[in-house]
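Inspection log for the structure reproduced underneath, given as structure tokens.
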Amino acid sequence: MTNTGTLSRYWMFSDEYTQDPYPFLAQLRAEQPVCRVETPDGVRAWVVSRYDDVRDALSDPRLGRDIGKLYAALGKQLGQEIKPADEISNHLANSDPPRHTPLRKALTFAFTPKRVRGLRDGWEKVVDDLLDEMVRTDNRDLVSGLNEPLPIITIAQLMGVPDADWPRFLVWTNTLRRVDASDPTGIIAEHTRQLSDYLKALIATKQRTPQDDLISALVHADEDKRLTAAEALSTAFALMTGGNDTTTSLLNGSFAALLTHTGEADKIRADWSLLPNAVEELLRFTSPLINSLQRVTLEPVELCGVKIPKDEIIIISLAGANHDPHAFADRAAELDITRPKPAHVSFGYGIHYCLGSHMSKALTELAIRRVYERFPGIRLAVHPSEVRYRPGLMVRPMIDLPVRF
Ligand code: HEM
356 MTNTGTLSRY WMFSDEYTQD PYPFLAQLRA EQPVCRVETP DGVRAWVVSR
406 YDDVRDALSD PRLGRDIGKL YAALGKQLGQ EIKPADEISN HLANSDPPRH
456 TPLRKALTFA FTPKRVRGLR DGWEKVVDDL LDEMVRTDNR DLVSGLNEPL
506 PIITIAQLMG VPDADWPRFL VWTNTLRRVD ASDPTGIIAE HTRQLSDYLK
556 ALIATKQRTP QDDLISALVH ADEDKRLTAA EALSTAFALM TGGNDTTTSL
606 LNGSFAALLT HTGEADKIRA DWSLLPNAVE ELLRFTSPLI NSLQRVTLEP
656 VELCGVKIPK DEIIIISLAG ANHDPHAFAD RAAELDITRP KPAHVSFGYG
706 IHYCLGSHMS KALTELAIRR VYERFPGIRL AVHPSEVRYR PGLMVRPMID
756 LPVRF
């Protein structure tokens, strides 16, 4: 284990952590399983990093996701009132029971594995078109050519966005990726408004004329599972913010891992039946979300012997859990695509467990297979150490992934 020395309060915001969080997380698990951190703008939080503690924290009802309570706690620390944009953020991932329960029930009912299976044939064409475009334009960056556009195009298809609207949709959602950034020109607010207006009109159309898509299913279900137009709007934002960067991150991490562990890639190419288990291992190994959504303590709690007051922010390290040697037999740092059913926490655990897990796994399997079938000689065009990431509290966005076909 690399020891990173005494951790400063800001270790989680250092470039060393962004580029390679695992030595920091190994030190945390060994020395400070519940560790205090501070953001550069002065917010204090606690980080939980061991596998068992992470699962306990994700299923602890005293650690809430209610966005109003979370923002109130953040505002208290910063000495200013912060309000979430209700229209788009008042969704299941940002709520606790009892509000969470019916919203989740409605989405679970509409977003079935059967619906995902029905879309799969169309995805193959989307992947092939994106790869054709990469060849035509001489773009050899898998991030911009395939991994960024693929998830949002398929989420748009899932929701029932007409194909002709994808270009606008891509522009808006690319802006949404930067939702954490400051917005001096107002472009993020403007694009969020345009996307919101677009989705309101789309939902109204689906209410009048239902089709075979997720939004129609949400607004036309039986009464106990039906969403209002306002609930469907925030749910659509949950799907886009929950499914887009996360799936891009899994695709980025998976290709980077396979292109640097060519022996593992060769095993898959020799026997495609290994692919589903390989994607589970890639989910564990790459941890597309390094941390879950933040929690707020709804009452005083004790985690690993540390007493934490009410209204404190908790960061749950999924990457820390996924690389915990106690959970993965001391070979946690290795990529082993034949590891039997790795019980990773990349999709979370408990009541907020990811509802898009089947979709993102199917999409990743397809993308890996098509890329290797079409470009059997594909190689990384840079040294692995040149694959760099941007900082991010949940996703570490990969900057680019240059390849040779
Ligand atoms: C590799 C891709 C993905 C990863 C790693 C991922 C990860 C996660 C995680 C960790 C959570 C739980 C968050 C928490 O408890 O703090 C979650 C929740 C969720 N995910 Fe995903 N996700 C992925 C893809 C998707 C896709 C494609 C969709 C939909 C199109 C989606 C929709 C959701 C929704 C709606 C929730 C909230 C569920 C709830 O609050 O009950 N995710 N996801």
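The sequence shown begins at 356 in the numbering used here and counts up by one.
Glycine is no exception: its CB is placed at the ideal position from the N, C-alpha and C atoms.
Quick caveat: nothing in here was measured; it's all calculated off a predicted structure.
Local conformation of residue i per DSSP, three classes
| i | result |
| --- | --- |
| Asn646 | strand |
| Glu654 | coil |
| Thr565 | Looking at the sequence provided, one finds Pro at residue 565 rather than Thr. DSSP places Pro565 in coil when its eight states are reduced to three. |
| Pro506 | helix |
| Tyr744 | strand |
| Ala496 | Residue identity check: residue 496 is Asp in the sequence provided, not Ala. Asp496 falls in the strand class under three-state DSSP. |
| Arg725 | helix |
| Leu462 | helix |
| Thr357 | Note that Thr357 has pLDDT 46, beneath the 50 cutoff, so the model's placement of it is unreliable and the number below is only indicative. Of the three classes helix, strand and coil, the one that applies to Thr357 here is coil, per DSSP. |
| Leu554 | helix |
| Arg734 | strand |
| Pro468 | helix |
| His546 | helix |
| Leu606 | helix |
| Arg600 | The question names Arg, but residue 600 in the sequence shown is Asp. The answer is helix: DSSP assigns Asp600 an H, G or I state. |
| Ala698 | coil |
| Thr583 | coil |
| Phe592 | helix |
| Ala676 | helix |
| Ala717 | helix |
| Arg454 | coil |
| Gly473 | helix |
| Leu485 | helix |
| Ala612 | helix |
| Ala682 | coil |
| Arg364 | coil |
| Val810 | Because the chain is modelled from 356 through 760, residue 810 falls outside the range shown and cannot be assessed. |
| Phe760 | coil |
Residue i - containing beta strand (DSSP E), residue span
| i | result |
| --- | --- |
| Lys662 | 661–663 |
| Ile754 | First-last for Ile754: undefined, no H or E at that position. |
| Ile668 | 668–671 |
Residue i, buried or exposed, once every other Cβ within 10 Å from all chains shown has been counted against 16
| i | result |
| --- | --- |
| Asp451 | buried |
| Glu636 | buried |
| Ile422 | buried |
| Gly541 | exposed |
| Ser715 | buried |
| His678 | buried |
| Arg639 | buried |
| Thr652 | buried |
| Leu337 | Only positions 356 to 760 of the chain appear in this structure, which leaves residue 337 out of reach. |
| Ser740 | exposed |
| Thr357 | Confidence in Thr357 is poor, its pLDDT being 46 and thus under 50, which makes the residue's placement unreliable; the coordinate value appears in the next sentence. The residue in question, Thr357, is exposed, as its Cβ has fewer than 16 Cβ neighbours within 10 Å. |
| Arg759 | exposed |
| Ile437 | exposed |
| Arg532 | buried |
| His446 | buried |
| Gln566 | exposed |
| Ala572 | buried |
| Tyr708 | exposed |
| Tyr365 | exposed |
| Arg686 | exposed |
| Arg745 | exposed |
Start and end residues, alpha helix (DSSP H) containing residue i
| i | result |
| --- | --- |
| Val526 | 521–531 |
| Ile692 | Segment: none, Ile692 is in no alpha helix (DSSP H) and carries neither H nor E. |
| Ile623 | 617–625 |
| Glu578 | Element bounds for Glu578: n/a, residue is neither H nor E. |
| Arg686 | Here Arg686 belongs to no alpha helix (DSSP H), and DSSP marks it neither H nor E. |
| Phe640 | 630–641 |
| Tyr372 | 370–374 |
Inset, instruction - With a floor of 3 residues, list each beta strand (DSSP E) that falls wholly inside the segment 376–449, ordered by position along the chain. - result: 389–393, 399–403
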